[in-house]
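Below is one structure; the comments refer to it alone.
Below you can see the structure in the form of structure tokens.
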């Protein structure tokens, strides 16, 4: 089971959580995105590592990209949970405790009560 937006919102400032946005850099910055989303940008505190970089990396490179110790908790998201689902598999393979925020930006962008950058 994935992470809910409420669970994630409560943990945004947690130092023991790595929030990973695996969309393209253009989607992350808000320069490009899906017209179905009322807001463009990203969840506050998220790091952007496009999925292609994760999938093209070996285990040590994934650890270096994420920049957290093995065993760290990582929550990944994308636009609709598909790319982040693939990212979670790569993250688990690299030794992280990883979960998918399945609602991803598609859900988050619709919630005016949730902060965005």
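Numbering (our numbering), first residue to last: 142 to 258.
The beta-carbon is built from N, C-alpha and C at its ideal position, and this holds for glycine as well.
With a cut-off of 7 Å, does the C-beta of residue i fall near any C-beta of chain D?
| i | result |
| --- | --- |
| residue 244 | Absence of chain D from the displayed structure is noted, only one protein chain being present. |
Measuring only the C-alpha atoms, how far is residue i from residue j?
| i | j | result |
| --- | --- | --- |
| residue 184 | residue 249 | 8 Å |
| residue 233 | residue 154 | 22 Å |
| residue 149 | residue 246 | 12 Å |
| residue 182 | residue 160 | 14 Å |
| residue 189 | residue 179 | 20 Å |
| residue 151 | residue 198 | 31 Å |
| residue 215 | residue 223 | 16 Å |
| residue 147 | residue 175 | 23 Å |
| residue 143 | residue 257 | 20 Å |
| residue 165 | residue 252 | 22 Å |
| residue 158 | residue 171 | 23 Å |
| residue 156 | residue 187 | 12 Å |
What's the call for residue i, buried or exposed, on a 16-neighbour Cβ count within 10 Å?
| i | result |
| --- | --- |
| residue 241 | buried |
| residue 177 | exposed |
| residue 191 | buried |
| residue 200 | exposed |
| residue 244 | buried |
| residue 162 | buried |
| residue 231 | buried |
| residue 173 | exposed |
| residue 168 | buried |
What residues are listed by DSSP as bridge partners for residue i?
| i | result |
| --- | --- |
| residue 217 | 161 and 241 |
| residue 188 | 161 |
Pull up the CB-CB distance for residue i and residue j, whole angstroms please, since I reckon it's below 8 Å.
| i | j | result |
| --- | --- | --- |
| residue 225 | residue 219 | 4 Å |
| residue 195 | residue 206 | 7 Å |
| residue 236 | residue 202 | With 8 Å as the limit, residue 236 and residue 202 do not qualify as a contact, their Cβ atoms being about 13 Å apart. |
| residue 105 | residue 239 | What the structure shows of the chain is the stretch from 142 to 258, and residue 105 is not part of that stretch, so it cannot be assessed. |
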